[in-house]
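Report on the structure given below.
Number of protein chains: 2
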Amino acid sequence: MHVSVQKNRLAEAVSQVMKAVSSKTTIPILTGIKISADPDGIRLTGSNSDISIMSFIPAEDQDQEVAVIDTPGSVVLPGRLFSEVVRKFPNDKILIESDSRQITKITSGSSEFNLNGLDPEEYPNLPVINEKKVISIRKDLLRDVIRQTVYAVSVSETRPVLTGVKWSLKNGRLACVATDSHRLAQRSVPVASGSAAEESRDVVIPGSSLTELVKLLDDNDDENADLVMTSNQILFQLNNVQFYSRILDGNYPDTSRLIPQDSKTTLTLPTRGLYQAIERASILAKEERNNIVKLRAEDGHVEISSQSLELGRVFETLQVEEFEGEPMRIAFSAKFMMDALGKIDDSNVRIYFVGPMRPIIIRPIGDDNILMLILPIRTF
Amino acid sequence: MHVSVQKNRLAEAVSQVMKAVSSKTTIPILTGIKISADPDGIRLTGSNSDISIMSFIPAEDQDQEVAVIDTPGSVVLPGRLFSEVVRKFPNDKILIESDSRQITKITSGSSEFNLNGLDPEEYPNLPVINEKKVISIRKDLLRDVIRQTVYAVSVSETRPVLTGVKWSLKNGRLACVATDSHRLAQRSVPVASGSAAEESRDVVIPGSSLTELVKLLDDNDDENADLVMTSNQILFQLNNVQFYSRILDGNYPDTSRLIPQDSKTTLTLPTRGLYQAIERASILAKEERNNIVKLRAEDGHVEISSQSLELGRVFETLQVEEFEGEPMRIAFSAKFMMDALGKIDDSNVRIYFVGPMRPIIIRPIGDDNILMLILPIRTF
Numbered sequence: 008m009h010v011s012v013q014k015n016r017l018a019e020a021v022s023q024v025m026k027a028v029s030s031k032t033t034i035p036i037l038t039g040i041k042i043s044a045d046p047d048g049i050r051l052t053g054s055n056s057d058i059s060i061m062s063f064i065p066a067e068d069q070d071q072e073v074a075v076i077d078t079p080g081s082v083v084l085p086g087r088l089f090s091e092v093v094r095k096f097p098n099d100k101i102l103i104e105s106d107s108r109q110i111t112k113i114t115s116g117s118s119e120f121n122l123n124g125l126d127p128e129e130y131p132n133l134p135v136i137n138e139k140k141v142i143s144i145r146k147d148l149l150r151d152v153i154r155q156t157v158y159a160v161s162v163s164e165t166r167p168v169l170t171g172v173k174w175s176l177k178n179g180r181l182a183c184v185a186t187d188s189h190r191l192a193q194r195s196v197p198v199a200s201g202s203a204a205e206e207s208r209d210v211v212i213p214g215s216s217l218t219e220l221v222k223l224l225d226d227n228d229d230e231n232a233d234l235v236m237t238s239n240q241i242l243f244q245l246n247n248v249q250f251y252s253r254i255l256d257g258n259y260p261d262t263s264r265l266i267p268q269d270s271k272t273t274l275t276l277p278t279r280g281l282y283q284a285i286e287r288a289s290i291l292a293k294e295e296r297n298n299i300v301k302l303r304a305e306d307g308h309v310e311i312s313s314q315s316l317e318l319g320r321v322f323e324t325l326q327v328e329e330f331e332g333e334p335m336r337i338a339f340s341a342k343f344m345m346d347a348l349g350k351i352d353d354s355n356v357r358i359y360f361v362g363p364m365r366p367i368i369i370r371p372i373g374d375d376n377i378l379m380l381i382l383p384i385r386t387f
Numbered sequence: 008m009h010v011s012v013q014k015n016r017l018a019e020a021v022s023q024v025m026k027a028v029s030s031k032t033t034i035p036i037l038t039g040i041k042i043s044a045d046p047d048g049i050r051l052t053g054s055n056s057d058i059s060i061m062s063f064i065p066a067e068d069q070d071q072e073v074a075v076i077d078t079p080g081s082v083v084l085p086g087r088l089f090s091e092v093v094r095k096f097p098n099d100k101i102l103i104e105s106d107s108r109q110i111t112k113i114t115s116g117s118s119e120f121n122l123n124g125l126d127p128e129e130y131p132n133l134p135v136i137n138e139k140k141v142i143s144i145r146k147d148l149l150r151d152v153i154r155q156t157v158y159a160v161s162v163s164e165t166r167p168v169l170t171g172v173k174w175s176l177k178n179g180r181l182a183c184v185a186t187d188s189h190r191l192a193q194r195s196v197p198v199a200s201g202s203a204a205e206e207s208r209d210v211v212i213p214g215s216s217l218t219e220l221v222k223l224l225d226d227n228d229d230e231n232a233d234l235v236m237t238s239n240q241i242l243f244q245l246n247n248v249q250f251y252s253r254i255l256d257g258n259y260p261d262t263s264r265l266i267p268q269d270s271k272t273t274l275t276l277p278t279r280g281l282y283q284a285i286e287r288a289s290i291l292a293k294e295e296r297n298n299i300v301k302l303r304a305e306d307g308h309v310e311i312s313s314q315s316l317e318l319g320r321v322f323e324t325l326q327v328e329e330f331e332g333e334p335m336r337i338a339f340s341a342k343f344m345m346d347a348l349g350k351i352d353d354s355n356v357r358i359y360f361v362g363p364m365r366p367i368i369i370r371p372i373g374d375d376n377i378l379m380l381i382l383p384i385r386t387f
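Chains as they are written, first to last, in the working numbering: chain A, 8 to 387; chain B, 8 to 387.
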């Protein structure tokens, strides 16, 4: 292999595929990045047991020369090291040359590295996806739907399927739900188009995969991403990046019956004001192991409080925008409530209480497609 | 005590005194901040075994009302907690009220904290400084002289006096030197004025104290700070902040004989170019435990190199601005050289070599008052 490539394009591709490279893997070659050069460009690949990311650097992009492929070929280089070298190179142009023993000379300006590479034949192949049915979804919606659900997955491996987010495709909509059995988050978004848009299909995607995927999605990108689902893999195609994740086995529980349909008390509150009041109450609550805050609602105002025997007490008063139903006293995890409120972009939030030991429902005012649920904690 | 105070002024003072508050102290009251209100303003104090910081919030500042003291008094509040509460308060005005049992009500807007305070009588007094002789020094010079020496103090307690920086006042100049016996940094600056400016005096100040002090000094502040030295304390007076540090006991070694007076090879190199070449060479060198890079100098160019048996080799070539003397091969710690170069603001640096096992001297071109020394490492 003998190629030259623009530093900023190489650095971008390296940082994308590094999201799949772990330094603590039991398979040594997976600490590396595979670099393959064809006449059309350079492909970088990073993999771990859950995800694989392939980033393509075209030889030419918008009539600009990005890379020159003198001799095609491939090599596997130590990922963390290669990433640091590329970032710190002095010059805009980087030359990569590898020989048959995988010794790879990388030069830029007056800097020359000779790295011991590994045999690319030993690098695992990307998953093969034969499925041709594609779903398209706007990237900014994809980003939102992940951010608003993935925080609620379980971090415990007791029930592995709960470490994933369940994605259900039905009637042209994608519904996502995550729960760790103490809280739940769900959101649905329209599917933009695609040959599989009208099909029905359920998959459970590891939360950790989605957390990495979301880092590859820009904030304000209304272009579409393409998705292909198979029985054991899901592929996301984003411009020059292909992101593969494995699918979790196991039956995801039916979560619809967890969501109460009635409400004894309904409050409308400013999202940010409520978040900050709970955050302050949590300054004391988190000194106790449980981080519990109490909420007392009656017509006209809400009081948030917490205490620590050793340190003291805190009271926060909030004006209620709207109050419906009975007075209510309830206690919950400050962290869980802040996690949920922090994912709601609407300036007002509506909270539904059924009783002190029944699930609390949190929804933005403007969007019926978002629902957060947290279980209360018995203290009163 | 019953006071009200502007949030931003209180938050600033709290963050200043928190630099002296440690959460892992064996004296529980020192995890607190002492708050004392007098008719002229509010004093906050934080202390640990090395330093004490007192920050004063005047009741009036430039004809603006900053604090209202309704009832003078004092209390000690848990430092970390109080700091977080003040920062997160919703309103620009904070009310503090403490009763005789030290229960302290702190309110801001609709937020109310009741914290269990501690008895201010049990808080240690600030050091008493009777010395009237004052030295004045420009704050930006004070900042530079600390930054350019304190990095070289010893982190080992084997010879406690080496964990400090030696400050020598003589002939209207302050000379600072630090060494951990593998490297050395020294810089002298003029003393601006003051009643003790012409005296001779030596003290050794703990490096950790200076590291905290420098955080209280702005980058571009050409006003003066006042210093008072006694046999066991040094006091820095910076506007509304008083910073006390203990002085280290013990005889500081005579470092002047460590500095070679001759040179066999002298190189003039671009500071940043050299730093970055060593930084890249260090990518491989730091994978080996010692982080050693080699330098080979001959007329016209310098080569920096390092290798890792497992990973590979790196060569960096630098153009020399000026070369005097014999060709030289030498090896040294990449970290030590980068630490020294990173403290030099001049765009060019001059390096003096006496031999492969003799100290290396690094100086900026423009300033004779700065000298960095590192010992080489035997490898060739």
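Glycine included, each C-beta is placed from N, C-alpha and C at the ideal position.
In the three-state reduction of the DSSP assignment, residue 335 of chain B falls in the strand class. The Cβ of residue 324 of chain B sits closer than 8 Å to at least one Cβ of chain A.
The stretch 223-282 of chain B contains, as complete beta strand (DSSP E) runs of 3+ residues, the segments 231-236, 240-245, 248-253, 272-277 (chain order). Among the residues of the stretch 117-132 of chain A, those with a Cβ less than 8 Å away from any Cβ of chain B are 117, 118, 119, 120, 121, 122, 123, in the order of the chain. For residue 193 of chain A, the enclosing beta strand (DSSP E) begins and ends at 190-197. In the three-state reduction of the DSSP assignment, residue 38 of chain B falls in the helix class.
One finds 95 in chain B with Cβ atoms closer than 7 Å to the Cβ of residue 286 of chain A, taken in chain order.
Here residue 356 of chain A is near residue 371 of chain A, since their CB atoms are less than 8 Å apart. For residue 274 of chain B, not one C-beta of chain A is nearer than 8 Å to its own C-beta. With respect to chain A, the C-beta atom of residue 296 of chain B has no partner C-beta closer than 8 Å. DSSP places residue 20 of chain A inside the alpha helix (DSSP H), whose first and last residues are 14-24. Taking all protein chains shown into account, residue 155 of chain A has 16 or more neighbouring C-beta atoms within 10 Å of its C-beta and is therefore buried. Taking 8 Å as the cut-off, the Cβ atoms of residue 348 of chain B and residue 313 of chain B do not count as close.
With respect to the C-alpha of residue 103 of chain B, the residue from B/88, B/119, B/91 having the closest C-alpha is B/119. Annotation: residue 305 of chain A is outside any alpha helix (DSSP H); the continuous beta strand (DSSP E) that includes it extends over 299-305. Contacts with chain B at 8 Å (Cβ-Cβ) include residue 91 of chain A.
For the options B/351, B/334, B/38, the alpha carbon positioned closest to that of residue 127 of chain B is the one of B/38. Assignment of beta-bridge partners to residue 123 of chain B by DSSP yields B/110.
In the structure shown, the three-state DSSP call for residue 74 of chain A is strand.
Rounded to whole angstroms, the Cβ separation of residue 286 of chain A and residue 379 of chain A is 17 Å, and the two are not in contact under 8 Å.
DSSP places residue 160 of chain A outside both helix and strand once states are collapsed to three, so it counts as coil. Going by C-alpha positions, residue 260 of chain B is about 13 Å away from residue 161 of chain B. Judged by their CB atoms, residue 192 of chain B and residue 159 of chain B are nearer to each other than the 8 Å cut-off.
Comparing C-alpha distances from residue 366 of chain B to each of B/106, B/130, B/171, B/384 shows the shortest one belongs to B/384.
Residue state for residue 218 of chain B is assigned as helix, using DSSP reduced to three classes.
In the DSSP assignment, the residues bridged to residue 359 of chain A are A/273, A/368. Counting the other Cβ atoms within 10 Å of the Cβ of residue 296 of chain A gives fewer than 16, which makes it exposed.
Judged by DSSP in its simplified three-state form, residue 69 of chain A adopts coil rather than helix or strand. Within the DSSP bridge table, the entry for residue 386 of chain A names no partner. Annotation: the continuous beta strand (DSSP E) that includes residue 185 of chain B extends over 180-186. Residue 284 of chain A sits in a helix when the DSSP states are folded into three classes. The contact set of residue 249 of chain A on chain B, defined by CB atoms closer than 7 Å, is empty, because the minimum CB distance reaches about 29 Å. Here the C-alpha atom of residue 98 of chain A lies approximately 5 Å from the C-alpha atom of residue 116 of chain A.
Rounded to whole angstroms, the gap between the alpha carbons of residue 24 of chain B and residue 217 of chain A is 43 Å. Sequence-distant Cβ neighbours of residue 187 of chain B in its own chain, meaning closer than 8 Å and more than five residues away, are 159, 160, 161, 162, 163, 169.
Pairing residue 184 of chain A with residue 173 of chain A gives a Cβ-Cβ distance under 8 Å.
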